[in-house]
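Structure first, commentary second.
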Amino acid sequence: MHVRDVRLNELPVLQDIERAAGQRFRDIGMPEIADDEPLPLDELARYHHAGLAWVVTDDADTPVAYLIADRIDGNLHVEQVSVHPGSARRGLGRLLLDHLAARATSEGASALTLTTFTQVPWNAPYYARCGFQLMDDSSLTPGLRKIREREAAHGLDRWPRTCMRREL
């Protein structure tokens, strides 16, 4: 498996990966998350143009997982990481997170951040195994507070959510 920058013509594949990965939420009583549409192509293109979108590819160079990130308060923030179910449980999410950590380190960032569901096994518990720690609300940076406000406005706070941080 290989990590590389996403290509512009692959953005629809990222949407397909996210839709497929999202179906797992249906199985745990979160159909609204499973039904939530991926980011539109123009928004994904913004990540591509910013150099903040990566894929893991299979032997045929077809994307099977992806990660997009933002620069938030001097750190790199995981906006989305998704692995196609057919390629799950092979360490691809961790591979992408480690790739992002290397990028963040090269840029002088001190941490990776993300927001996630606390009670979904492949969310907060998984990220904790990848070196992320829960953040107390009092330690949230202004950018993370804005992200959480947008998530709440989108209805994501129907289920427990949190911010997490991985020191680099």
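In our numbering, each residue's number is its place in the sequence shown (first place is 1) plus 10. Positions of the beta carbon are idealized from the N, C-alpha and C atoms, including for glycine.
I'd like the list of long-range same chain contacts for R14, defined as Cβ closer than 6 Å, with 5 residues on each side in sequence excluded. There are no such residues.
Using 8 Å as the threshold, is the region 116-132 in touch with the region 59-71, meaning 3 or more CB pairs across them? The answer is no - the region 59-71 does not touch the region 116-132, with fewer than three Cβ pairs under 8 Å.
Round the Cβ separation of V88 and L122 to the nearest angstrom and send it over; I've been treating them as touching at under 8 Å. The Cβ separation is near 6 Å, so the contact holds.
Hey, how far is the Cα of F35 from the Cα of V93? In a straight line, the C-alpha of F35 is about 13 Å away from that of V93.
Evaluate A134 with the Cβ neighbour count: other Cβ atoms within 10 Å of its Cβ, from every protein chain shown; 16 or more gives buried, anything less gives exposed. In summary, A134 is buried, with 16 or more beta-carbon neighbours lying within 10 Å of its beta-carbon over all protein chains present.
Buried/exposed call for L106, threshold 16 Cβ in 10 Å: Buried, by the Cβ-count rule.
Contact check, G165 vs A119 under 8 Å by CB: the rounded distance? About 30 Å; that fails the 8 Å criterion.
What are the boundary residues of the beta strand (DSSP E) that I38 is part of? Judged by DSSP secondary structure, I38 falls outside any beta strand (DSSP E); it is assigned neither H nor E.
What is the residue span of the beta strand (DSSP E) that Q33 lies within? It is not in any beta strand (DSSP E) - Q33 carries neither H nor E in the DSSP assignment.
C-alpha gap between P170 and Q25, whole angstroms: The straight-line gap from Cα to Cα measures roughly 25 Å.
With a cut-off of 8 Å on the beta carbons, I'd call P48 and R17 a contact; round off their distance for me. Not confirmed; about 17 Å, so no contact.
Between the Cα of A44 and those of I27, A55 and E53, spot the shortest distance and give me the residue it belongs to. The candidate whose alpha carbon is nearest that of A44 is I27.
Which residue wins for smallest C-alpha separation from T72, given the options N19, I78 and A111? For T72, the closest alpha carbon among the candidates N19, I78 and A111 is that of N19.
Can you grab the Cα-Cα spacing for the pair E53 / S148, in whole Å? Each residue's alpha carbon lies about 30 Å from the other.
Using only alpha-carbon positions, find the residue among R81, I38, A75 and T115 that is nearest to R56. Of R81, I38, A75 and T115, the residue nearest in Cα terms is R81.
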